[in-house]
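Quick note on numbering: the sequence shown equals residues 2 to 311 in this note's numbering.
Cβ coordinates follow ideal geometry from the N, Cα and C atoms, glycine included.
This one's a predicted model, so the numbers in the text were calculated from it and none came from an experiment.
Just below is one structure, and these are the notes that go with it.
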Amino acid sequence: MNSIDTAENTSAPDHCKVALAQYPVDYFETIAEFREKLEHWVKTAASEGAQLLLFPEYAAMELCSLLDKPLQNDLQGQLQAMQAYLPLFLETHQQLAQQYQVTLVAGSFPVKIPSPEQPEHTIYVNRSHVIHPDGRIDFQDKQIMTRFETEEWGISPGTGIKVISTAVGKIGISICYDSEFPLIARRQIELGADFILVPSVTETLAGYYRVRTGSQARALENQCYVLHAPLVGEAPWSPAVDVNVGRAGVYTPMDKGLPDDGVMVIGELNQQGWIYATLDKTLLQNVRHDGHVLNHRDWALQATRTDATG
């Protein structure tokens, strides 16, 4: 599995407050309306003391409402047309991250890049941007595409797995379907991630529960916090994100000082708004060293058993 480690040695607090968006897709008549909405959301979370704000997968698709009507219903055409809004999208997040001194994990955006295998060709990737309080930008691309992304929309896997140092700690981002594959999150944990972030969009309750179940499993096996933020509500004008079902949550291992069911906080289904939690990294470090079970330490033992014969 390819990996890229972008983590640097930074001092981060043992405690941090996070905000997870149950974010609705809106229809805008002007760019100003988009800016106003995003500032309202960031200002609200910052006023509650949140330091890390997580927006969902493909939240950026609401910018398609600014395209001409025919493009709003053209899955392939809108990918190219969306690229014109990427600088505005990033600039708006930079300004808000600096103004409110927060770390923003922006709603993922379909970004056009040279193909890693054939640089003379271009592909579209599902990219989550991380905007730091000083305006710097990092990103993580989705690794494994859903059938809709590949068969109907033409989205491709992006660059490798990263861990990103932020003001509140090192984060790994497993975008939606990625959370259902244990080795992706495990690689991020091995690279030093304190938290795994899961921005998602799912159109059914079954889809939501697949991502939630994957997130809870990743929290259990890695003895880490997993933060899940979904799109919610309907956008009938958008073929990409027309129906969105889910609830935000923070998941933990089931061990000393942590919830028996591994659910630290969870939102109301399909209700827009922020969900907040305060995370204690020291608590998880203690669990990893002296928990009732030691999944994080014992991960490597799987190989000794699955390789055994007879």
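With 16 other Cβ atoms within 10 Å as the buried cut-off, status of Ala-207: Numbered from its first residue, the sequence shown carries residue 207 at position 206. Per the 10 Å Cβ criterion, exposed.
Whole runs of the beta strand (DSSP E) within the region 225 to 261, excluding any shorter than 3 residues: Qualifying beta strand (DSSP E) stretches, in chain order: 226 to 235 and 250 to 252.
Collapsed DSSP secondary structure at Arg-128 in the structure displayed: Counted from its first residue, the sequence shown places residue 128 at position 127. When secondary structure is reduced to three states using DSSP, Arg-128 falls in the strand class.
Delimiting residues of the beta strand (DSSP E) encompassing Gln-23: The count along the sequence shown starts at 1 and reaches residue 23 at position 22. 16 to 25 is the extent of the beta strand (DSSP E) around Gln-23.
The beta strand (DSSP E) enclosing Ala-186, as first and last residue numbers: Residue mapping note: residue 186 aligns to position 185 of the sequence shown, counting from 1. Counting along the chain, Ala-186 falls outside any beta strand (DSSP E), though it belongs to the alpha helix (DSSP H) covering 183 to 191.
Nonlocal neighbours in the same chain, by C-beta distance under 8 Å from Val-246, ignoring five residues either side: The residue given as residue 246 occupies position 245 in the sequence shown. Within the same chain, Thr-203, Glu-204, Thr-205, Leu-206, Gly-208, Tyr-209, Pro-231, Val-233, Leu-270 and Asn-271 come within 8 Å of Val-246 by CB-CB distance, once the 5 residues on both sides are set aside.
At least three beta-carbon pairs within less than 8 Å, the region 251 to 264 to the region 81 to 89: Note that the region 251 to 264 does not touch the region 81 to 89; fewer than 3 beta-carbon pairs, one per stretch, sit closer than 8 Å.
Length of the line joining the Cα atoms of Asn-10 and Ser-166: Working through the sequence shown from its first residue, we reach residue 10 at position 9. Working through the sequence shown from its first residue, we reach residue 166 at position 165. For Asn-10, the predicted structure reports a pLDDT of 42, less than 50, and the residue's modelled location is therefore unreliable. A value from the coordinates is still provided. One C-alpha to the other measures close to 8 Å.
Proximity winner among Thr-160, Lys-257, Ala-98 and Leu-55, relative to Glu-40 (alpha-carbon distances): Locating residue 40 in the sequence shown gives position 39, where the first residue counts as 1. When only C-alpha atoms are compared, the closest one is Ala-98.
Neighbour-count burial assignment, Ser-48, 16 or more Cβ in a 10 Å radius: Here residue 48 is taken as the residue at index 47 of the sequence shown, counted from 1. Ser-48 is exposed by the Cβ-count criterion.
Proximity winner among Pro-111, Ala-51 and Leu-87, relative to Leu-76 (alpha-carbon distances): One-based indexing of the sequence shown puts residue 76 at position 75. Among Pro-111, Ala-51 and Leu-87, the Cα nearest to that of Leu-76 is on Pro-111.
Residue range of the beta strand (DSSP E) that includes Asp-299: Position 298 of the sequence shown, counting from 1, holds the residue named residue 299. Residue range 296 to 299 is occupied by the alpha helix (DSSP H) that includes Asp-299, with no beta strand (DSSP E) assigned at that position.
Cut-off 8 Å between Cβ atoms - residues of its own chain near Asp-291, not counting five sequence neighbours on either side: If you number the sequence shown from 1, residue 291 lands on position 290. Lys-257, listed in sequence order.
Closest Cα partner of Val-164 within the set Leu-295, Ala-218, Glu-37 and Asp-142: Position 163 of the sequence shown, counted from the start, is the residue given in the question as residue 164. Of Leu-295, Ala-218, Glu-37 and Asp-142, the smallest CA-CA separation from Val-164 is found for Asp-142.
For His-229, the nearest candidate out of Thr-93, Leu-192 and Trp-275 (CA to CA): Residue numbering aside, residue 229 sits at position 228 when the sequence shown is read from its first letter. Ranked by Cα distance from His-229, the first of Thr-93, Leu-192 and Trp-275 is Trp-275.
As assigned by DSSP and simplified to three states, the class of Tyr-28: The count along the sequence shown starts at 1 and reaches residue 28 at position 27. Coil.
Cα-Cα separation between Arg-289 and Asn-296, rounded to whole angstroms: Working through the sequence shown from its first residue, we reach residue 289 at position 288. Working through the sequence shown from its first residue, we reach residue 296 at position 295. Cα-Cα distance, rounded: 8 Å.
Whole-angstrom distance between Ser-157 and Thr-123, CA atom to CA atom: In the sequence shown, the residue the question calls residue 123 occupies position 122. In the sequence shown, the residue the question calls residue 157 occupies position 156. Those two C-alpha atoms are separated by around 10 Å.
Three-way DSSP call (helix, strand, coil) for Thr-279 in this model: The residue given as residue 279 occupies position 278 in the sequence shown. Thr-279 carries a strand assignment under DSSP once its states are collapsed to helix, strand and coil.
Residues of its chain near Pro-14, where Cβ-Cβ distance is below 6 Å and the 5 sequence neighbours each way are ignored: Taking the first residue of the sequence shown as position 1, residue 14 is located at position 13. Excluding its 5 nearest sequence neighbours in each direction, Pro-14 has no C-beta neighbour in its own chain below 6 Å.
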